[in-house]
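Novice: Please see the structure below; I have some questions.
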Amino acid sequence: MPLAMTPPANLTSGPATPKTAHPDVLKWVEEITQLCQPDQIHWCDGSEAEKESLTQQAVDAGILIKLNQEKLPGCYYHRSNPNDVARVEECTFICTRTPDAAGPTNHWMAPAAMYEKLYALCKGAMKGRTMYVVPYLMGPPGSPLTKIGVEITDSIYVVLSMRIMTRMGQIAWDQLGTEGKYTKGLHSMLDINPERRFIAHFPQDNTIISVGSNYGGNVLLGKKCLALRLGSYLGRIEGWMAEHMLILGVESPTGEKTYVAAAFPSACGKTNFAMLIPPKEFDGWKITTVGDDIAWMRPGPDGRLYAINPEAGYFGVVPGTNFTSNPNAMISMSKDTIYTNVALTPDLDVWWEGKDGDPPAECLDWKGNPWTPASKEKAAHPNSRFAAPMINNPALAPEANDPHGVPISGIIFGGRRATTLPLVFQAFNWIHGVYIGATMGSEMTAAAAGTVGQVRRDPMAMLPFCGYNMGDYFRHWLRMRKLLKRPPKVFHVNWFRKGEDGKFLWPGYGENMRVLKWIIDRCRGRVPAYETPVGWMPEPVDIDMVGLPEKDVTNLGEALSLNLEEWKREVLLQDELFFRLYSDLPKELIFQRELLISRL
Ligand code: GTP
Ligand code: SPV
Ligand code: MN
1016 MPLAMTPPAN
1026 LTSGPATPKT
1036 AHPDVLKWVE
1046 EITQLCQPDQ
1056 IHWCDGSEAE
1066 KESLTQQAVD
1076 AGILIKLNQE
1086 KLPGCYYHRS
1096 NPNDVARVEE
1106 CTFICTRTPD
1116 AAGPTNHWMA
1126 PAAMYEKLYA
1136 LCKGAMKGRT
1146 MYVVPYLMGP
1156 PGSPLTKIGV
1166 EITDSIYVVL
1176 SMRIMTRMGQ
1186 IAWDQLGTEG
1196 KYTKGLHSML
1206 DINPERRFIA
1216 HFPQDNTIIS
1226 VGSNYGGNVL
1236 LGKKCLALRL
1246 GSYLGRIEGW
1256 MAEHMLILGV
1266 ESPTGEKTYV
1276 AAAFPSACGK
1286 TNFAMLIPPK
1296 EFDGWKITTV
1306 GDDIAWMRPG
1316 PDGRLYAINP
1326 EAGYFGVVPG
1336 TNFTSNPNAM
1346 ISMSKDTIYT
1356 NVALTPDLDV
1366 WWEGKDGDPP
1376 AECLDWKGNP
1386 WTPASKEKAA
1396 HPNSRFAAPM
1406 INNPALAPEA
1416 NDPHGVPISG
1426 IIFGGRRATT
1436 LPLVFQAFNW
1446 IHGVYIGATM
1456 GSEMTAAAAG
1466 TVGQVRRDPM
1476 AMLPFCGYNM
1486 GDYFRHWLRM
1496 RKLLKRPPKV
1506 FHVNWFRKGE
1516 DGKFLWPGYG
1526 ENMRVLKWII
1536 DRCRGRVPAY
1546 ETPVGWMPEP
1556 VDIDMVGLPE
1566 KDVTNLGEAL
1576 SLNLEEWKRE
1586 VLLQDELFFR
1596 LYSDLPKELI
1606 FQRELLISRL
């Protein structure tokens, strides 16, 4: 049968003209057109004119509200359906051929059954709507690590957000050529019904289908779906790593540059850490942001691990962000930003819990209901987000566009833990580091639907994002060691330990520079550490506390303390995950556990 090389005749004028001659893209778009039956097709080119016209259409349709352009130039406001405000792990599936390949931590369905189910839901789903064909790059143009995706969507909000979050448009068609490989992504909002919400990944077909949602993590298919779930699957086959990690550069007063990557679970501080501004006592130290959420890493010719940020924007948590906690994020979202589910003030400004200044006397909350400071409900949803281009970030590292990536000297794991986990410790070696990452725990946050506050194991912050069997993922981490001559040093941090009064022991945010400096100095082998049962640790005097209030200095001892009884309970809690993964767990991790118990 000949390939369908052109779209149907009634769809060939204006924006319906394909922007690519890639035969497989044309064939697939034709197939999806027949299935979803849109009224119109729009092939995106990523141009400024396209952005303006789509934005105007979104405003006319009430999908976006134009914010106060004097205060927030180029900024728009969006409210999602109240039933659709976060990622839903319950509806997220890895459709490998066998359930074993997806592993016990993922939901699985056989590919044929899932395709049948989703194609039935998509049949005629775009009648009366426009279908957008969105080409995008994940990674800097020309990088050997960069991947190409094409997302078909019926959501104009998705198109405008993808334009911020990825390198979207003609640049991707050009890199694709007529023979390039790409990830297929199909998204339809359907009727935004949680009963018909599925985020399905077909690793063997390099395909994603997402229906029934219009919330970022479920529908911006380049991000969690491609860059992490399919990315991790491909990375295992191709010998690289796709990780839920920020990447930052540390510049010392002498101009020495060191790069670290850090994996913290969702809403546990990656964006904040990636944009950190050192305290004034750290004169001459500077942090630059390579990425705030995702790292793709592969061994370089010199035997070090090199990382790129596949994204081009930030999809960041808004509540709690202010000019004290994260000035660079505040500036990043001051223009050309889409806000979702924050509160809207009468003068078309935005507000959220934790913003600088007093709350507005009145506003509309994230659902559009009148809100005053006396209201019991929150004005902004706890998982309200901003989508801002990375170019807005005053601390953006120019290396974010370097196709070679940056050499990683340290990998930092961390979680949100009220007890047990000290402020910082260092793994004895790579294998021990893999164990520390694999046994990471964190209190759940609003970034995913579920029970906020409950501690769960979230290995390497990848529990919701690993596209295959978690046991094999650990094995891949162990195997990467053999491909590296100079592996990064591995650390664990906890900014969230609490004292008896229920308050955080560590001031956090910009002050995290003090811990980061110890980490950098350890990477460069120039500060001491002492051996504990859990790893190498600093003495309180090894952390530079100059300029901090007395209370923080006093609390440091407790923040760094080890309670061996708590640690014994911790090891038992880790078993919950190890039991689930038992048949696939690499023996190295079981040995590490035994060694830890014997040290305790
Ligand atoms: P995702 O985008 O969901 O992957 O999250 P993220 O890891 O980038 O989290 P983010 O930096 O947005 O932080 C989320 C929440 O953690 C915000 O409410 C912050 O205010 C809070 N937070 C970040 N850093 C710190 C810190 O050092 N100390 C304390 N106490 N809270 C912090
Ligand atoms: C996360 O939940 O880890 C995020 C936000 O970074 S989302 O893109 O919605 O997944
Ligand atoms: Mn994330």
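Note that the numbering used here has the sequence shown beginning at 1016, numbered continuously upward.
Virtual Cβ for every residue (Gly too), placed ideally from N, Cα, C.
(1) So, using beta-carbon positions, are W1255 and R1319 closer together than 8 Å?
(2) When you compare each of L1615, W1366, P1088 to K1583 by their alpha carbons, which one comes out closest?
(3) Beta strand (DSSP E) containing Q1441: first to last residue?
(4) If you count every other CB in all the chains shown that lies within 10 Å of the CB of I1605, and 16 or more means buried, which is it?
(5) Would DSSP call I1323 helix, strand or coil?
(6) Let me know if F1338 comes out buried or exposed under the rule of 16 or more other beta-carbons within 10 Å of its beta-carbon.
(7) Can you tell me whether E1253 is buried or exposed? The criterion is at least 16 other CB atoms within 10 Å of its CB, across all chains shown.
(8) Given P1119, which residues of its chain have a CB within under 7 Å of its CB, disregarding the five upstream and five downstream residues?
(9) Which residues, in chain order, sit with a beta-carbon under 6 Å away from any heavy atom of the ligand MN?
(10) Please report how far the alpha carbon of S1457 lies from the alpha carbon of P1474, in whole angstroms.
(11) Rounded C-beta distance between M1290 and N1341? I'm assuming under 8 Å.
(12) Between G1002 and the rest of its own chain, which residues show a CB-CB distance below 8 Å, the 5 nearest in sequence each way excluded?
(13) Which class does L1592 belong to by DSSP, given the choice of helix, strand or coil?
(14) Between I1558, G1264, N1578, which has its C-alpha nearest T1569's C-alpha?
(15) Let me make sure I understand the geometry here. Which of L1587, W1521, F1593, T1273 has the alpha-carbon closest to that of P1564?
(16) What span of residues does the beta strand (DSSP E) with A1544 cover, start to end?
(17) Any chance the CB of G1523 is under 7 Å from a heavy atom of the ligand GTP?
(18) Following the continuous alpha helix (DSSP H) through E1609, name the residue where it begins and the one where it ends.
(19) Answer yes or no: do I1214 and S1225 have a C-beta to C-beta separation smaller than 8 Å?
(20) Check whether the Cβ atoms of R1501 and W1445 sit closer than 8 Å, and answer yes or no.
(21) Tell me the DSSP bridge mates of M1256?
(22) How about T1304 and L1241: are their beta carbons less than 8 Å apart?
(23) How is the beta strand (DSSP E) around K1393 delimited, first residue to last?
(24) Can you tell me where the beta strand (DSSP E) with H1057 in it begins and where it stops?
(25) Is any non-hydrogen atom of the ligand GTP found closer than 7 Å to the C-beta of F1480, if you look at the structure I gave you?
(26) Note down the Cα distance separating V1530 from L1587, rounded to an integer number of angstroms.
(27) Does T1466 pass the burial test, meaning 16 or more other C-beta atoms within 10 Å, or should it be called exposed?
(28) At which residue ranges does the segment 1478–1512 contain complete beta strand (DSSP E) runs of 3 or more residues, listed in the order of the chain?
(29) Could you name the residues of the same chain whose beta carbon sits closer than 6 Å to that of V1074, not counting the 5 residues immediately before and after it, in chain order?
(30) Below 8 Å, how does it come out for the segment 1478–1488 and the segment 1229–1249: are there three or more Cβ pairs, yes or no?
(31) Under 8 Å Cβ to Cβ from T1547, same chain only, skipping five residues before and after it: list those, please.
(32) With a threshold of 7 Å on Cβ separation, who are the neighbours of L1498 within its own chain once the five nearest residues in sequence on each side are excluded?
(33) What residue from K1142, P1097, Q1071 has the CA that sits closest to I1056's CA?
(34) Just checking F1330 against the ligand SPV - is the residue's beta carbon closer than 7 Å to any of the ligand's heavy atoms?
(35) From Q1084 to R1608, what does the alpha carbon distance come to, in whole angstroms?
(36) Name the DSSP bridge partner or partners of Y1151?
Specialist: The relevant details are as follows:
(1) In the sequence shown, residue 1255 corresponds to position 240, counting from 1. In the sequence shown, residue 1319 corresponds to position 304, counting from 1. No, these two residues do not count as a Cβ contact at 8 Å.
(2) Numbered from its first residue, the sequence shown carries residue 1583 at position 568. Here the closest residue by C-alpha is L1615.
(3) By 1-based counting over the sequence shown, the position of residue 1441 is 426. Note, Q1441: beta strand (DSSP E), 1439–1441.
(4) Position 590 of the sequence shown, counting from 1, holds the residue named residue 1605. Exposed, by the Cβ-count rule.
(5) On the sequence shown, position 308 is the one that residue 1323 refers to. Strand, per DSSP.
(6) For the purposes of this step, residue 1338 is taken as the residue at position 323 of the sequence shown. F1338 should be labelled exposed.
(7) Numbered from 1 along the sequence shown, position 238 holds the residue referred to as residue 1253. Exposed: under 16 other Cβ atoms inside 10 Å.
(8) For the purposes of this step, residue 1119 is identified with residue 104 of the sequence shown, where counting begins at 1. Once the five neighbours on either side are set aside, the close Cβ partners of P1119 are R1595, L1596.
(9) H1259, S1281, D1308
(10) Mapped onto the sequence shown, residue 1457 falls at position 442. Mapped onto the sequence shown, residue 1474 falls at position 459. In a straight line, the C-alpha of S1457 is about 10 Å away from that of P1474.
(11) Along the sequence shown, one-based indexing puts residue 1290 at 275. Along the sequence shown, one-based indexing puts residue 1341 at 326. About 6 Å; that satisfies the 8 Å criterion.
(12) Nothing can be reported for residue 1002, as the shown portion of the chain is limited to 1016 through 1615.
(13) The sequence position of residue 1592 within the sequence shown is 577, counting from 1. Looking at L1592 - three-state DSSP - the assignment turns out to be helix.
(14) Indexing the sequence shown from 1 puts residue 1569 at position 554. Of I1558, G1264, N1578, the residue nearest in Cα terms is I1558.
(15) Residue 1564 sits at position 549 when you count from the first residue of the sequence shown. With distances taken between Cα atoms, P1564 lies closest to W1521.
(16) Position 529 of the sequence shown, counting from 1, holds the residue named residue 1544. No beta strand (DSSP E) holds A1544; DSSP gives it neither H nor E.
(17) Numbered from 1 along the sequence shown, position 508 holds the residue referred to as residue 1523. Yes, Cβ of G1523 sits closer than 7 Å to a heavy atom of the ligand GTP.
(18) Translated into positions along the sequence shown, residue 1609 becomes position 594. Start and end: 1602–1614.
(19) Within the sequence shown, the letter at position 199 stands for residue 1214. Within the sequence shown, the letter at position 210 stands for residue 1225. Their beta carbons are under 8 Å apart, which means I1214 touches S1225 by this criterion.
(20) On the sequence shown, residue 1501 is found 486 positions in, with the first residue counted as 1. On the sequence shown, residue 1445 is found 430 positions in, with the first residue counted as 1. No, they are not a contact pair.
(21) Sequence index remark: in the sequence shown, residue 1256 carries index 241 (1-based). M1256 is bridged to M1312.
(22) Against the sequence shown, residue 1304 aligns to sequence position 289. Against the sequence shown, residue 1241 aligns to sequence position 226. Their beta carbons are not under 8 Å apart, which means T1304 does not touch L1241 by this criterion.
(23) Counting from one through the sequence shown, the residue named residue 1393 turns up at place 378. Looking at the DSSP string, K1393 is not in any beta strand (DSSP E), and its letter there is neither H nor E.
(24) As a working note, residue 1057 is residue 42 in the sequence shown. Segment 1055–1058, the beta strand (DSSP E) holding H1057.
(25) For the purposes of this step, residue 1480 is taken as residue 465 along the sequence shown, with counting starting at 1. No - the ligand GTP has no heavy atom lying nearer than 7 Å to the Cβ of F1480.
(26) Locating residue 1530 in the sequence shown gives position 515, counting from the first residue. Locating residue 1587 in the sequence shown gives position 572, counting from the first residue. Roughly 28 Å separates the two Cα atoms.
(27) Against the sequence shown, residue 1466 aligns to sequence position 451. The residue is exposed, with fewer than 16 neighbouring Cβ atoms inside 10 Å.
(28) 1504–1508
(29) Here residue 1074 refers to the residue found at position 59 of the sequence shown. Within the same chain, V1074 has close Cβ partners K1081.
(30) yes
(31) Residue mapping note: residue 1547 aligns to position 532 of the sequence shown, counting from 1. Excluding positions up to five away in sequence, the list reads F1440, L1577.
(32) As a working note, residue 1498 is residue 483 in the sequence shown. So the list reads G1254, P1314, once near-sequence residues are dropped.
(33) Within the sequence shown, the letter at position 41 stands for residue 1056. Among K1142, P1097, Q1071, the Cα nearest to that of I1056 belongs to K1142.
(34) Here the question's residue 1330 lines up with position 315 in the sequence shown. Yes, since a heavy atom of the ligand SPV falls inside the 7 Å radius drawn around the Cβ of F1330.
(35) As a working note, residue 1084 is residue 69 in the sequence shown. As a working note, residue 1608 is residue 593 in the sequence shown. Looking at the two C-alpha atoms, the distance is approximately 56 Å.
(36) Along the sequence shown, read from residue 1 onward, the residue named residue 1151 stands at position 136. DSSP lists G1164, M1183 as partners of Y1151.
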